[in-house]
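Numbering (my numbering), first residue to last: 209 to 326. These notes concern the structure reproduced below.
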């Protein structure tokens, strides 16, 4: 049998064109303001994202005044997705065929994967 290389390749290609599989949009709000600089407010502790990263990303998008409220732990990529606003979030179901060629243990392992149908 083939490994998950094809699945990973297709997922990467879909990510590159803006389709996010089995994910929800980040709970972040960014409102542009007329002045006052960047006001950053994180409701939860952040592990991989901070005010400096937020400010750097907003400056790349030529936004110098904004109110940013973050309600969940996010990454820089999630924040960029929120700013772009043109990403699609879709649920995905993985369906495997030709399982009669696999042994029972492999079929059981495939069936227990999230979003998978055998």
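We put the CB at the ideal spot given by N, CA and C, even for glycine.
In this structure residue 291 is not in contact with residue 234, their Cβ atoms being roughly 10 angstroms apart against a cut-off of 8 angstroms. Taking C-beta atoms under 8 angstroms as the contact rule, residue 273 and residue 244 qualify, at a distance of about 6 angstroms.
Within the DSSP bridge table, the entry for residue 228 names 297 as partners. Straight across, the Cα-Cα distance linking residue 246 with residue 254 is about 18 angstroms.
Within its own chain, the residues whose Cβ lies closer than 8 angstroms to the Cβ of residue 323, once the five positions on either side in sequence are excluded, are 230, 299, 300, 301 and 302, listed in chain order.
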